[in-house]
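Report on the structure given below.
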Amino acid sequence: MIPRRSIAIARQDWRILRRDPFPVIVPVVLPLLLIPFVKPAFRLGFVAEHIRHTAGAEQAVPAMDVTFAFFLVGNSSMAFFREHAWRTWDRLRASPANNYEIVLGKIVVPLLQAMGQFALLFGLGSLCLGLTVRGSWGSLTAVGAAYSLYLVAMGLAVTALCKTYMQATAITNVGALFIAGLGGALVPHAFLPSWARTLSPAVPSYWTMNGYREAILGYGHPLVSVAVLLAFATVCLVFAALRFRLRDTKIAWA
Amino acid sequence: MFLSATRLEQGAVEATSAPSERVRGLGRTACAPRRPRSVLAMTGVHKSYRDVSALCGVDLEIEPGEVVALLGANAAGKSTLISIAAALCQPDAGGVWVDGVNMLTHPERGRRSIGVATQETGVYPSLSVRDNLRFFGELVGLRRKMLDDRLQRVAEAFELSAVLDRETQGLSVGEVRRLHTAMIMLGRPPLLLLDEPTTGVDVSTRARMLELVRDLAMDGSAVCYSTHYLMEAEQLGASVAVLHHGHIVARDTVQSLIGSYGRSAIELRFDGPAPQLLDVPGVQRSEATLRLATGRDPAHSVASLFAALGDSIAQLRDVRLIQPNLESVFLALTGQASSSNGERLEVAGDT
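Protein chains in written order, with my numbering: chain A, 1 to 254; chain B, 255 to 605.
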């Protein structure tokens, strides 16, 4: 049950998002445009693994979701940093909402954004881009939800770690490319060098790609992938809980 | 009525005139009789930032219906005091109670009784005035019709009705200031903490804000009003707490303070820079002004001042006798003059 004041905070963030949806539209539209370009490469990846009768979209859609969803970590951080920029953070803290309610309210909209991006990419991928889910949509959604939870938790950890929004965006941008690349979301995992393939399980994108692949190709239930993603999310949440001081001043625009 | 009958009977509120119609709707309804007590009580509050002491053993109590003007120069500790009262920062030592709730142990519960308007305006620029107000109404637990009603009343009281659906970033400075303060009124908190609420606003907005604060106090709210503008304390009919280097050096009504500390002074204005008069103790010098507290023997003070001027008397443009007022009290207590433009006078010798 979400406390009433958390709902109020989430509703306010939703109003802000409605006024300026551009930061959410771009990470959905851009991957949709890119999927046709990367599909052939991912099809070759399947061929290399002797997996036949695939269009490439079975990996291209998840890959673009994993890569571009990571940028939502920045959106998640932004929900906190802009309050500092607008001088509303102390007003929020001086309200009857306690720390737990504030943080909970702040993660609702980024979580919905991540899930919305997942739904749109896979939905449109299935309708227009040749994605065929041979396994279970339920399992696929479980992976998407676990990854979304991880992204929001990562956003909290980044916010807790960074003093300025520039630091947060640097981590997000570089992190998105690094984690996506190592997890096999930029190029097929089969084409990565062997040292990179060895390191891959250390990043959540690998487990997300793995889980999506199991759910899409019908290779069983992606329980292990979901569990590992939830473990990553837990680590981020624990880090944020230990490090996040709501009374700390943060700098948004410098 | 907008004012709690119980509080009136107990004499806790010294209402001298009826609040304006605009604020009538904001009033709390009469509550069950209770013992009058301080809405804000701070005892022995200390706060340091590294090796700088911001507050040194501050004691402060504010009763329902009372406006306390918190006066002090920059860095006197006013904003720190307000932050601690609102539990936005922790004191190093001391106790803070709001409406009987210990703010150090139960800050979340205490905050339900507080409305804080920080020194810097904090509003959501991309949202409308209505959405800004609505959010703070939702945070204090208002819903649906009650929220809409309260929002309309607050907007009316703060003359924001005409701009309710406009984006905040398109408002004037005065409108943003009014919105900034209005946002804390939705929940009708018993304690209002206003940190320099009239900074940067024009004369008419300032007058309107002061009127609203007076009316809210008459309505039963306790108000802690931090300001640089001494005149505002008098206009508010506030009692005064003078904060100097982290200490409350005086706490009384304006009239009592003037009676205790006020001194008349003579002020000389020059054409060009005022001369340095090191031989006359207590002379304060700003760019073109000299000021001397005249004490009990004004004739002697004036004579010694003129005698010390020497050739500089040729540049003398204006001589003014200043009667005891809050400014002279502030001067006597802090050794600093505060003026409307924030000019700070240098003090030669002992004041």
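C-beta atoms are modelled at their ideal positions from N, C-alpha and C, and glycine is treated no differently.
Here the structure is a predicted model, which is why all the values come from computation and not from measurement.
**Request:** Output, in chain order, the set of chain B residues within a Cβ distance shorter than 8 angstroms of residue 8 of chain A.
**Result:** 389, 392 and 393
**Prompt:** Relative to the alpha-carbon of residue 375 of chain B, which residue among B:385, B:390, B:527 and B:434 has its alpha-carbon at the smallest distance?
**Reply:** B:434
**Request:** Would you give the residue range spanned by the alpha helix (DSSP H) that residue 50 of chain A belongs to?
**Result:** Note, residue 50 of chain A: premise wrong, no alpha helix (DSSP H); not H, not E.
**Assumed close pair residue 382 of chain B, residue 325 of chain B - CB separation to whole angstroms, cut-off 8 angstroms** = Not really, about 36 angstroms apart at Cβ, beyond 8 angstroms.
**Item:** Segments assigned beta strand (DSSP E), at least 3 residues, entirely inside the segment 333-412 of chain B
**Value:** 347-352 and 368-371
**Asked** What do you reckon, are the CB atoms on residue 543 of chain B and residue 528 of chain B nearer than 7 angstroms?
**Response** yes
**Request:** Give me the Cβ distance between residue 474 of chain B and residue 582 of chain B, rounded to the nearest whole Å; I'm assuming they're in contact under 8 angstroms.
**Result:** Rounded, the Cβ-Cβ distance is 33 angstroms, inconsistent with contact.
**Message:** To the nearest angstrom, how far is the alpha carbon of residue 295 of chain B from that of residue 317 of chain B?
**Reply:** 9 angstroms
**Prompt:** Pick from A:168, A:215 and A:61: whose alpha carbon is nearest that of residue 154 of chain A?
**Reply:** A:168
**Asked** Listed from N- to C-terminal order along the chain, which residues in the segment 16-47 of chain A have their beta-carbon within a distance smaller than 9 angstroms of any beta-carbon of chain B?
**Response** 16, 19 and 20
**Request:** Could you pull out every residue in the same chain whose Cβ sits closer than 8 angstroms to the Cβ of residue 241 of chain A, ignoring the five residues on either side in sequence?
**Result:** none
**Request:** For the beta strand (DSSP E) holding residue 327 of chain B, just list the boundary residues, first then last.
**Result:** Element bounds for residue 327 of chain B: n/a, residue is neither H nor E.
**Item:** 6 angstroms Cβ shell around residue 10 of chain A - same chain, five flanking residues per side excluded
**Value:** 105, 108 and 109
**Asked** Below 7 angstroms between beta carbons: does that hold for residue 143 of chain A and residue 212 of chain A?
**Response** yes
**Request:** Along the alpha helix (DSSP H) that carries residue 65 of chain A, what are the first and last residues, could you check?
**Result:** 57-69
**Item:** Own chain, CB closer than 7 angstroms to residue 490 of chain B, minus 5 neighbours either side, in chain order
**Value:** 321, 323, 464, 467, 468 and 479
**Prompt:** Since residue 96 of chain A meets chain B, which of its residues come closer than 7 angstroms, beta carbon to beta carbon?
**Reply:** 362, 365, 366, 393 and 394
**Asked** Between residue 589 of chain B and residue 341 of chain B, what straight-line distance do the alpha-carbon atoms span, to the nearest angstrom?
**Response** 31 angstroms
**Request:** Report the residue ranges of all alpha helix (DSSP H) runs contained in full by the segment 158-216 of chain A; include only those spanning at least 4 residues, in chain order.
**Result:** 165-182 and 194-199
**Message:** Taking contact to mean 3 or more Cβ pairs, one atom from each stretch, closer than 8 angstroms, check whether the segment 352-367 of chain B and the segment 87-100 of chain A are in contact.
**Reply:** yes
**Prompt:** When DSSP labels each residue in this structure, what does residue 438 of chain B get in the three-state scheme?
**Reply:** coil
**Asked** DSSP three-state call for residue 37 of chain A: helix, strand or coil?
**Response** helix
**Residues, ordered as in the chain, of the segment 232-245 of chain A that lie near chain B by beta-carbon distance below 9 angstroms** = none
**Buried or exposed (CB count within 10 angstroms, at least 16 for buried), residue 423 of chain B** = exposed
**Prompt:** To which residues of the same chain is residue 276 of chain B closer than 7 angstroms at the C-beta, ignoring the five residues directly before and after it?
**Reply:** With a pLDDT of 47 at residue 276 of chain B, under the threshold of 50, the modelled position of this residue cannot be trusted; read the value that follows with caution. Only 410 and 411 meet the Cβ criterion.
**Prompt:** Just to confirm, are residue 300 of chain B and residue 330 of chain B a CB contact at a threshold of 7 angstroms?
**Reply:** no
**Prompt:** Taking the continuous alpha helix (DSSP H) assigned at residue 297 of chain B, which residues delimit it?
**Reply:** Unbroken run through residue 297 of chain B is the beta strand (DSSP E), 294-303; no alpha helix (DSSP H).
**Alpha-carbon spacing of residue 429 of chain B relative to residue 414 of chain B, whole angstroms** = 7 angstroms
**Request:** Give the residues from the segment 64-95 of chain A that approach chain B closer than 7 angstroms (Cβ to any Cβ), ordered along the chain.
**Result:** 86, 87, 88, 90, 91, 93, 94 and 95
**Asked** Which first and last residues belong to the alpha helix (DSSP H) in which residue 459 of chain B is found?
**Response** 457-472
**Prompt:** In terms of alpha-carbon separation, which member of A:65, A:41, A:70 and A:88 lies closest to residue 377 of chain B?
**Reply:** A:88
**Request:** Taking only the alpha-carbon atoms, compute the straight-line gap between residue 302 of chain B and residue 152 of chain A and give it to the nearest angstrom.
**Result:** 36 angstroms
**Backbone CA spacing between residue 572 of chain B and residue 525 of chain B [nearest angstrom]** = 9 angstroms
**Message:** Taking CB distances under 7 angstroms as the criterion, tell me whether residue 380 of chain B reaches chain A.
**Reply:** yes
**Item:** chain A contacts from the segment 316-342 of chain B (Cβ-Cβ distance under 9 angstroms)
**Value:** 337, 340, 341 and 342
**Message:** When you compare the CB positions of residue 64 of chain A and residue 35 of chain A, do they come within less than 7 angstroms of one another, or not?
**Reply:** yes
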